[in-house]
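Sequence order for the protein chains is L and W. Number 45 in this note's numbering belongs to position 45 of the first sequence; there are no gaps in the numbering. Number 343 in this note's numbering belongs to position 72 of the second sequence; there are no gaps in the numbering. Built from N, CA and C at the ideal position, the CB exists for glycine as well. This report refers to the structure that appears directly beneath it.
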Amino acid sequence: MADRKEEGLKICCLVKEVPDAAVQKRIDPATKRLDRTGEKNLNPFDTHGIEAAMQLREGGDVEVEEIVAVTMGPESAVRALHKAVALGADRSVHLTDDALGGSDVCATGYALARALEKESPDLVLLGQQSDDGECYTIGAVVADHLKMPSLTQVIKMDVADGKLRCDRQAEYGYDTVDVQLPAVISVGDAINEPRYPSLKAIMGAKKKPLETSSIADAGIEAERVGEAGSRTAVLEVSPPPAKEAGEIIEDEDTAETVEKIVAWLEERKLI
Amino acid sequence: MGGILVYALHDGEGNFNKNSLGALSEAAKLAGELGTEAAAVVVADAPDDACQALGSFGVSKVYRSKSTPEGLAQPIVDVMAKVITDEGFSYALFGGGLLGFEIGAGLTARLNAGVTMEVTEVKVVDGKLVAVRPVLQDSAIADVGYVGEPGIIIGRLNAFDVAEGDGTAEIVDVEVELSEWSTKAEMVSRGETRGEDVNIEDAEILVGGGRGLGEAEKFKLCEELAEAMGGAVAATRAVVDAGWYPYATQIGQTGKTVAPRLYLAAGISGAIQHKVGMQSSENILAVNKDQNAPIFEFCDLGVVGDLHKVLPKLTEAIKAKKG
């Protein structure tokens, strides 16, 4: 740890490109994969990971040498990296390869771990979940491959003596846990309020170093990734059981809206 | 065909988590259909009688590692990986909750195993388990099968019903050497509840507040409305984590599950983690300014508007009605 301290921490932030919240998401019936066309954005949960890295750097308790944004995804995922760099990362790594398409959680975790291994980070940060697949799990998968301790849904994180003191909510209330570095931490959205990138940072983002890595570059075994390397198979996708759609009111005149609500409540004998 | 192994989470004194008991019951049922057995994994100081009593949920054996601490995932990954490998289990099943997610994910990496999370139903198809999970904010349902063994199934909160009968489980104490990295996280304090204890589970009317309130002080709007209606106030995990409202009022993933006659969601987007804790409410009324909020997909009455305008007027109107 002594060496690390002299050099400062190297933090890798895992980020992901997800369909924009306003886009109607659908599963492609032919491939049974998420249709990833349409407007995309940086997974909002991951912005908390970048912000946590920035606050460690600015906090002064520890020297942060470098913040590297890492993603896996198709060509378009570069935009998520640009956004991550605009938010404060120093450079980025884009793991992209046709062979990775269709990877499940098991295959994705393995591939990301290999890409991270090359960076030898002291700390890997990510958001508690992704906005598309709701996978809370990827941090813990990556951690086991990297043989690092890990904790998810952390809402408070302080660094001292090469250790992180973390708070998070589990089944019986709040736990406080000390985690030795290097470690993989997924952060909950209550940990911070991510900053907005400045115009200058947005303009400069494309000039920051971006390394593109194929599976061969990252030392990833082709047979362990993609659809063929996945350990789960989507057999069928079907619509959910039909639920009677609720009534939706646009509040234009609040007095009128409230009248409608009260009538609805009375009809159901709730007042 | 190997059996189904279930992680049974407890509070450190052998009081088992309800979602774990649901998972045990589900595993026992599935094992019956597959013609195999279900077993539990328990760590730390779980008393003999508490472990044996897990037999009443249908498991034949309880693998117990006394020296492994409860409450952190990675040591339990070591225990489960060893039991699965040594005893040849075909599946690992987890009830909804945080630790199950983390342990299941760790096992995925350790055993190169397929994992499915947020599972609401498990089916037996051609002698194998198929996990059913809603995807894309519950707008589609995917049936997921496993390639090779073991398959890891992580349930959604409250997905599996507890079914208690008779039976006593045999305890098998196991010795497990923890991985080096599993010992690098250490629990400093566990299960701090933070804030007063209030009972929201018995309330007939609940007014839930979320991030859309904007700030902690605005919970007053919910409190005033709840008071006028004779109900109680609940909160989302996000605002509890942010320290706006007490932990005891939290609904969803690691909080409480409620089914009141009326659930009024104020500034709550309706993310899955919250939805699983309140979707059984008889009537759901949502006020949210974001028309794309998922809550509008499953509420009975949705108001697209500013809760800061709607709530005070609604409180006033209800007070007037009640005279």
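Amino acids of chain L, ordered along the chain, whose beta-carbon sits closer than 9 Å to that of T339(W): Going along chain L, no residue has its Cβ under 9 Å from T339(W), so there is no contact; the nearest lies around 15 Å.
Going along the chain, which residues of the region 218–236 of chain L sit with their C-beta nearer than 8 Å to a C-beta in chain W? R224, S230, R231, T232, A233, V234, L235, E236
Taking its Cβ as the centre, do 16 or more other Cβ atoms sit within 10 Å of Y334(W), making it buried, or is it exposed? Burial call: buried.
Using a threshold of 7 Å, state whether the C-beta atoms of A564(W) and S540(W) are closer than that. yes
Using DSSP with H/G/I as helix, E/B as strand and the rest coil, what is F431(W)? coil
Apart from the five residues just before and just after A222(L), which ones in its own chain have a Cβ nearer than 8 Å to its Cβ? A99, I215, G229
Rounded to a whole number of angstroms, what is the C-alpha to C-alpha distance between E448(W) and V478(W)? 48 Å
Sequence-distant residues of the same chain with beta carbon closer than 7 Å to A509(W), five excluded per side: G481, R482
Endpoints, alpha helix (DSSP H) assigned at Q55(L): 44–59
With DSSP collapsed to three states, give me the class of Y518(W). helix
Is the number of C-beta pairs between the region 520–535 of chain W and the region 545–563 of chain W that are closer than 8 Å three or more? yes
How many angstroms separate the CA atom of E486(W) from the CA atom of W515(W)? 7 Å
Taking only beta-carbon positions, decide if H48(L) is within less than 7 Å of chain W. no
Quick one: Cα of A434(W) to Cα of N286(W), how far? Going from the Cα of A434(W) to the Cα of N286(W) covers about 17 Å.
List the residues of chain W whose Cβ lies closer than 7 Å to the Cβ of T257(L), in chain order. Within 7 Å Cβ-Cβ: V574, G576, V581.
Three-state secondary structure (DSSP) at M272(W)? coil
Could you pull out every unbroken alpha helix (DSSP H) segment of at least 4 residues lying fully inside the region 338–425 of chain W, listed in chain order? 344–358, 369–382
Three-way DSSP call (helix, strand, coil) for P531(W) in this model: coil
Cβ-based contacts, 7 Å cut-off: residues of the region 166–194 of chain L near chain W: Q169, A170, E171, Y172, G173, Y174, D175, T176, V177, D178, V179, Q180, G188, D189, A190
In angstroms with no decimal places, state the Cα-to-Cα distance between M1(L) and L181(L). Any answer about M1(L) is weak, because its pLDDT of 42 lies below 50 and its placement is not dependable; what the coordinates show is given next. C-alpha separation (whole angstroms): 8 Å.
Take the Cβ of S76(L) as the centre, count every other Cβ of all protein chains shown within 10 Å, and call the residue buried at 16 or more, exposed below. exposed
So A456(W) packs on V177(L), CB below 8 Å; how close in whole Å? Indeed they touch by this definition, with Cβ atoms about 6 Å apart.
Quick check on DSSP: helix, strand or coil for N41(L)? The answer is strand: DSSP assigns N41(L) an E or B state.
Please confirm if the region 414–434 of chain W is in contact with the region 362–376 of chain W, defined as three or more CB-CB distances below 8 Å between the two stretches. yes
Find the residues of chain L that neighbour V427(W), judging by a C-beta separation of less than 9 Å, and give them in chain order. The amino acid at residue 427(W) is misidentified as Val; the sequence shows Arg. Near R427(W) there are no residues of chain L at all, since even the closest Cβ is about 10 Å away, more than 9 Å.
Option nearest K200(L) by Cα separation, candidates H82(L), G188(L), Q169(L): H82(L)
With 7 Å set as the bound, which would you pick, yes or no: does the beta-carbon of F372(W) sit closer than that to a beta-carbon of chain L? Yes, because at least one Cβ of chain L sits closer than 7 Å to the Cβ of F372(W).
Contact between the region 381–388 of chain W and the region 429–443 of chain W (3+ Cβ pairs under 8 Å): Because the criterion of three Cβ pairs below 8 Å is not met, the region 381–388 of chain W and the region 429–443 of chain W do not touch.
Please check if any C-beta of chain W sits within less than 7 Å of the C-beta of G162(L). False, the Cβ-Cβ gap to chain W never drops below 7 Å.
Below 9 Å on C-beta distance, what does L301(W) contact in chain L? Near L301(W) there are no residues of chain L at all, since even the closest Cβ is about 17 Å away, more than 9 Å.
C-alpha gap between E193(L) and C106(L), whole angstroms: Those two C-alpha atoms are separated by around 31 Å.
Counting only Cβ pairs nearer than 9 Å, list the residues of chain L close to A344(W). Listed by position along chain L, the residues whose Cβ is nearer than 9 Å to that of A344(W) are A140, S150, L151, T152.
Could you tell me which chain L residues have their CB closer than 9 Å to the CB of G462(W), listed as they occur along the chain? A170, E171, Y172, G173, Y174, D175
Roughly how many whole angstroms lie between the Cα atoms of I522(W) and A190(L)? 16 Å
Would you mind stating whether Y172(L) and R465(W) have Cβ atoms separated by less than 7 Å? no
8 Å contact criterion, which I261(L) and F567(W) should meet: CB distance rounded: Incorrect: roughly 15 Å between the Cβ atoms, too far for contact.
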